[in-house]
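Residue numbers (this note's numbering), protein chains in the order written: chain V, 21 to 811; chain S, 49 to 290.
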């Protein structure tokens, strides 16, 4: 037997159907908020749990200690350091892989694999083939993504230049590793699978090639539970200092880990801060919709109360309406969030080389999303429901008196004399309901700020691209040498046909200190009047490198908390191993990394190694590149060549992929918020003023003139929201840029007109769309019916 | 805008075989079933009849608020039944005023501004102040509807309707929401308007006694005119008993 719906349930169903447009708009806003929450929380869980499991299963080290050359027995001393659990030594070097299809060789990190089969630290994960046979020195394992980028499979051979000598190796396997989840070519920020390789090779073979038999040049360390990382790092540095240590670092400073951990941290921040904006907007919308419903149903409420329904029962009816909308929105959001999460995962796997990455549903985010939606919805509804409690049945069943505009009418009465009557109606409504109008303005402005800030950030990346590749670095190619070379090598490069300019560079590993603050990195020595690579001030003017003193990049000056004129300690971690004090002579802008610059001669004299270079910047004639690259390929002292054009392209590709979809999503969100607000405000206003609007039509006003009275206030709300949205957006951008900028990369805030134009267009577009829907219905409404019904 | 035909000057409206049907087939509701009628200029016409008898439908069509299904309704030389929306809007703007049971004032405008709403778009209006003086509200010009009694609100509505100096005034239950004394005062105002401005006035009412102030009383039943009574003498509004 089919049970008939209880009358209140039937009313609820019909009410929902009547306000379906508004309900859908609110569900959309709630849905997006919950979707973001589910997606971001899921991504955080997916990335962090996969990362942690990967680290654990493959015994990723917690301390990394590079050294020039230390005898193997030093490992025992490291093991004795309090807090150290295991120590494993290895050999690490750089080489050049000759890819036949490429004009220039590809830089590669070369790492030793222990000969024994026991589990070891930074264990590789074979994706194809096998590990090298301990007895066969020509067998290597290649980084999986690099092999795939060049279609190299186990069984192929590759040519590698190692320590100046060229050899042929057999690729017997491909692998991934927890230390290369995110990796980019040295000095670059964006990974490009094709341009940076990693080779694993049996330790004896690598030791022989690099002249490190019986010694190591990197120690990997794991720690006991509760060990203090900084204390261990200090002890490790002390043990390794005599052997030329540039300074040990912990997992938190490991480049690959930093990128993925900062991505996770950024997502966590967003997951906490972005969804609440949508929830607040939804609460506001539910408040105005419930208020209107209650206002228009005051007679029914009076009647129900007269029949003996309690306040709670009557309120419960309206709470159900609100909760149904919130729950539907939240459930839609959960599904959308899972869908978005699954769509986003492939983007992550492009840049983060994890063995697997599945979108992990966080059940708790479902619960949080649903509970939050229901809570904010009830909160929004509760404000409106206070009116139900206040109404006595008799009062409710009397027709409502006209809303009192006498106070609003007093506002700006001298200005009013210049306005026609329809405009006065618009102005007085705005003045009479300041909270509702401010809520609408704030909501639209918040939505706009959200999209504007993301648009500005993405415009900022174009600036990074331009400044980094066209203003700071104007070279066509950067050459690095196997060891420090005499300065005459630069002249040799300059004599290559087609090279128009060659400038020296010397990179020296240092630890910069100011009191307790320190930073491990490198100092870049440049020619004083360097043209191809320059230190630039905040106005993009070149900073002349002084013969005394150091120029720090902005993030480095921040880390060390110093300004121009302050003194810092430069702890040189190679060669002379000197510790000197020097003055900060300038602050250079930098968007990628946190470099420090010195005059190359000054740096060389600090090192006690005059006229040495570690690389060169080249400017090359168009059309001569191939001949030059062939010549470079044949030079044994060349350890690597990187082309500015390729680095720029890789950056551009990432921006196009990631930024493209994010721009779209952010635009859609701003549209949804604006549409949700304006459509609801418009519908409520239309409903409240049906009689006013019909009266105007009866008096002989055209539809367009009538629409002005209704849409004028929405236009005003939108117009006020636009400048506020711009201000909020600028503020939010500054916060985001500051929050996400690290010493790895800086996010510039570039107030590009395009970003503002797009954000404004989206808001105005959403306003027009909701205005059009209301306008369409204005023509359909029955004017005589509206006039005869009692409000 | 078509000019009013001089030959038809004596007739405000000529209605022939006017029908209005809502819906189709078995569910069709015949609100007007072939109404024929002639109304002279300057008459006060009272329409009586039970709810759903068709009087409001006729008023809506004559007022340019609704369209007929068939037949014709002419105002002067203009055929209302052939006009499009825009022409009907102009007709309402220039020739007719409306007064409704629930006043329909703009709550956000003062009494004077409510009237100005109309005078701003009319061709040859009287001043808003004059219109409000005409209905006896000269001292309540700057009050908002919320500050006025029901009778006062209805008088503002009448002032708003007559300020454009319309040819015709349509009043649908103008006293329906008022007590008898206030209702009588409102009827007095309508009579004044008719006498001073020569406006043709249509009044729909359930109060049969109101018929005594009319020139012509039309009784409706089932979508048709059952009887038309022409009064030889009109009573003053104050003399009406109800």
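Beta carbons are placed, not taken as given, at the ideal position from N, Cα and C, and that holds for glycine. Source: prediction; values computed, not measured.
Indicate whether residue i and residue j have their beta-carbon atoms separated by less than 8 Å.
i, j, result
"residue 66 of chain S", "residue 116 of chain S", "yes"
"residue 116 of chain V", "residue 180 of chain V", "yes"
"residue 339 of chain V", "residue 398 of chain V", "yes"
"residue 593 of chain V", "residue 543 of chain V", "no"
"residue 205 of chain S", "residue 147 of chain S", "yes"
"residue 95 of chain V", "residue 227 of chain V", "no"
"residue 389 of chain V", "residue 57 of chain V", "yes"
"residue 199 of chain S", "residue 226 of chain S", "yes"
"residue 183 of chain S", "residue 217 of chain S", "no"
"residue 731 of chain V", "residue 794 of chain V", "yes"
"residue 111 of chain V", "residue 132 of chain V", "yes"
"residue 360 of chain V", "residue 59 of chain V", "yes"
"residue 281 of chain V", "residue 224 of chain V", "no"
"residue 207 of chain S", "residue 167 of chain S", "no"
"residue 155 of chain S", "residue 422 of chain V", "yes"
"residue 493 of chain V", "residue 664 of chain V", "yes"
"residue 411 of chain V", "residue 321 of chain V", "yes"
"residue 600 of chain V", "residue 584 of chain V", "no"
Closest Cβ-Cβ distance between residue i and chain V: below 8 Å?
i, result
"residue 56 of chain S", "The pLDDT assigned to residue 56 of chain S is 49, lower than 50, so where the model puts this residue is not dependable; a value taken from the coordinates is nonetheless given after this. No, its Cβ sits nowhere closer than 8 Å to a Cβ of chain V."
"residue 195 of chain S", "yes"
"residue 132 of chain S", "no"
"residue 106 of chain S", "no"
"residue 137 of chain S", "yes"
"residue 66 of chain S", "no"
"residue 203 of chain S", "no"
"residue 271 of chain S", "no"
"residue 288 of chain S", "no"
"residue 188 of chain S", "no"
"residue 113 of chain S", "yes"
"residue 192 of chain S", "yes"
"residue 238 of chain S", "no"
"residue 153 of chain S", "yes"
"residue 140 of chain S", "yes"
"residue 250 of chain S", "no"
"residue 146 of chain S", "yes"
Would you say residue i lies against chain S (beta-carbon separation less than 8 Å)?
i, result
"residue 445 of chain V", "yes"
"residue 441 of chain V", "yes"
"residue 421 of chain V", "yes"
"residue 321 of chain V", "no"
"residue 426 of chain V", "yes"
"residue 437 of chain V", "no"
"residue 800 of chain V", "no"
"residue 756 of chain V", "no"
"residue 803 of chain V", "yes"
Can you find a heavy atom of the ligand PLP that lies under 7 Å from the Cβ of residue i?
i, result
"residue 205 of chain S", "Of the ligands one can find in the structure shown there are none, so the ligand PLP has no counterpart to examine."
_If the cut-off is 8 Å on Cβ atoms, which residues from the stretch 449-480 of chain V count as contacting chain B, listed in chain order?_
Any reference to chain B falls outside this structure, whose protein chains are V and S.
*Please determine if the stretch 183-199 of chain V and the stretch 155-165 of chain V are in contact, where contact requires at least 3 C-beta pairs separated by less than 8 Å.*
yes
*Which runs of the alpha helix (DSSP H) fall wholly inside the stretch 177-238 of chain V and span at least 4 residues, in chain order?*
223-230
*asked:* Three Cβ pairs or more, each shorter than 8 Å: is that satisfied between the stretch 622-631 of chain V and the stretch 571-583 of chain V?
replied: no
*Taking Cβ-Cβ distances below 9 Å as the criterion, which residues of the stretch 711-725 of chain V are in contact with chain S?*
711, 712, 714, 715, 716, 717, 718, 719, 720, 721, 722, 723 and 725
*Considering only residues of the stretch 623-692 of chain V, which uninterrupted alpha helix (DSSP H) runs meet the minimum length of 4 residues and lie entirely inside it, listed in chain order?*
645-653 and 664-674
_Closer than 7 Å between beta carbons: that is the criterion. Which residues of the stretch 155-185 of chain S meet it against chain V?_
155, 156, 157, 158, 161, 164, 165, 166, 168 and 169
_In chain order, what are the residue ranges of uninterrupted beta strand (DSSP E) at least 3 long that sit wholly in the stretch 542-604 of chain V?_
570-573 and 587-592
*Could you tell me which uninterrupted beta strand (DSSP E) segments, each at least 3 residues in length, are contained entirely in the stretch 195-278 of chain S, listed from first to last along the chain?*
216-220, 248-252, 264-269 and 272-278
*Spell out a yes or no on whether the stretch 432-441 of chain V and the stretch 253-270 of chain V are touching, meaning 3 or more CB-CB pairs, one atom from each, closer than 8 Å.*
no
*When the Cβ atoms of the stretch 269-283 of chain V are set against those of the stretch 732-745 of chain V, are three or more pairs found closer than 8 Å?*
no
_Does the stretch 81-88 of chain V come into contact with the stretch 245-265 of chain V, if we say contact requires no fewer than three beta-carbon pairs (one atom in each stretch) closer than 8 Å?_
yes
*asked:* Residues of the stretch 58-92 of chain S in Cβ contact with chain V at a cutoff of 7 Å, in chain order, please.
replied: none
_What are the residues in the stretch 253-283 of chain S lying within 7 Å of chain V by C-beta distance?_
none
*asked:* When you compare the stretch 459-477 of chain V with the stretch 778-787 of chain V, are there three or more beta-carbon pairs, one atom per stretch, that lie closer than 8 Å?
replied: yes
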